[in-house]
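Read through the structure below, which is laid out as structure tokens, and then see the notes.
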Amino acid sequence: MEALHVIAGLDPRDGGPTYSVPSLCASLTRAGCNARMMTVRSDGCVERPDLQAFPQFASRTPVLGSLRLSPGLRRAAATQAKRSDVVHAHGLWLMPNVDAGNAAAHARTSLVVSPRGMLANEALEYSSLKKRLFWRLLQRRAYAGAAAWHATSQQEAAEIRAFGIAAPIAVIPNGIDLPDVLADHDEARPRRRLLFLSRIHPKKGLPVLLDAWSQIAAERPEWDLVIAGADEGGHRGELEARVATDGIPNIMFTGPLYGEAKTALLKATDLFVLPTRNENFGIAVAEALAAGIPAIVTTGAPWSGLATERCGWWIDQGVAPLVDALREATALPPDQRRAMGLRGRAWMTRDFGWDRIGRQMCAVYKWLASDGPRPPQVQTR
């Protein structure tokens, strides 16, 4: 079984799919489905043996430049699709996505599409005219013959159906690599840490977090709020100006953190928060839970298991619910937060290990190739 995966970029600053897609491919290969990736080269793209990265066409026209045109990728995808059993396209609205769909159609190879959160209402409203035009002119035709779509949650499956897609949908979550690090929840530490770890983007709900923090910071002088992540569109500057103007205490912006710096941050974190308006999955939530950190997440992300697994708080959006959750969580003694974190890590180990995810996706590919039964993860209506 040969699978070709196409994603428009793998710069870590672009968020979750730049981590989850390579990890999915590695897990597929371990499961017996040989997976290879193609992408457009970027500064943060890491070389790996299962990846081909192609240069982007240099255009003086801003619109064309933003579409990540790559003639090299288009030609290579057309060739490789003929040798593959499945072409798996990740994302929408960029030319590599169109190239993947067209390559699969011309080769008569099964096409799987993962929208990666790009069909959420919040995402569709951003540059909506451009996206409508792109869909009508290019994307709809390229994806019309998709044999199946892939959603990382039931919430995303509903978004795919709402967009008018009638093809089967495989609901398979992203996986998580269990880190060696485990949050220490050390009672002897003089400071406690509340961590936001994600892209600094308006949809992530950071203004709401600042509103909530401003209400409880004086009650919890031993707590620091750390905001870590890559800035998008100057949103960090807006938030820092708000912090300075309002005099909100005990807030630190670190920028994006990777490797050992990220590991050290997670080890000394007591509580994770993501007050997002919309997520198709939320890999940062899984990373925090895997590190043994209880989490506060809004219903904009598909993490109802935080309540059922007793490892966090799944709350309504808005300042008041967030204030209530923060008050409750920060009032707990460290040993209770540690116990919650360990339950979260056990949940990640049980249900979100990459080897399990790879086997599930490989079963979908085999079903599409008429080499196996329809997996239970596939919904046909």
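Numbering (my numbering), first residue to last: 304 to 684.
The beta-carbon is built from N, C-alpha and C at its ideal position, and this holds for glycine as well.
All of these numbers come straight from a predicted model, not from anything done at the bench.
How should residue i be labelled, buried or exposed, when 16 other C-beta atoms within 10 angstroms of its C-beta is the threshold for buried?
| i | result |
| --- | --- |
| L397 | buried |
| D658 | exposed |
| M421 | buried |
| K385 | exposed |
| K506 | buried |
| E428 | exposed |
| P471 | buried |
| N477 | buried |
| Y446 | buried |
| E590 | buried |
| E522 | exposed |
| N581 | buried |
| G615 | buried |
| A604 | buried |
| T321 | buried |
| R363 | exposed |
| V349 | exposed |
| T548 | exposed |
| N583 | buried |
| M340 | buried |
| H504 | buried |
Name the two residues that bound the continuous alpha helix (DSSP H) containing residue i.
| i | result |
| --- | --- |
| G404 | 398 to 410 |
| G562 | 562 to 570 |
| H538 | 538 to 549 |
| G368 | 365 to 369 |
| S323 | 320 to 333 |
| R464 | 457 to 465 |
Give the secondary structure of residue i by DSSP, where H, G and I count as helix, E and B as strand, and everything else as coil.
| i | result |
| --- | --- |
| Q682 | strand |
| L440 | helix |
| L674 | For the sequence presented, residue 674 should be read as Asp rather than Leu. Of the three classes helix, strand and coil, the one that applies to D674 here is coil, per DSSP. |
| D346 | coil |
| L497 | strand |
| G375 | helix |
| D314 | coil |
| G508 | coil |
| M421 | coil |
| D527 | strand |
| I468 | coil |
What does DSSP give as the partner residue(s) for residue i in the beta ladder?
| i | result |
| --- | --- |
| G532 | According to DSSP, G532 bridges with nothing at all. |
| Q355 | M341 |
| F575 | L498, A598 |
| V416 | A392, W452 |
| F360 | None; F360 has no bridge partner. |
| M555 | V529 |
| I503 | D534 |
| G661 | Paired residues: none, contrary to the question. |
Where does the unbroken beta strand (DSSP E) through residue i begin, and where does it stop?
| i | result |
| --- | --- |
| V474 | 472 to 474 |
| E305 | 305 to 310 |
| A392 | 389 to 393 |
| I479 | Here I479 belongs to no beta strand (DSSP E), and DSSP marks it neither H nor E. |
Using 8 Å as the limit for Cβ to Cβ distance, is residue i near chain C?
| i | result |
| --- | --- |
| W606 | Considering every chain present, this structure includes no chain C. It has just one protein chain. |
Which runs of the beta strand (DSSP E) fall wholly inside the region 582 to 654 and span at least 3 residues, in chain order? 598 to 601, 615 to 618
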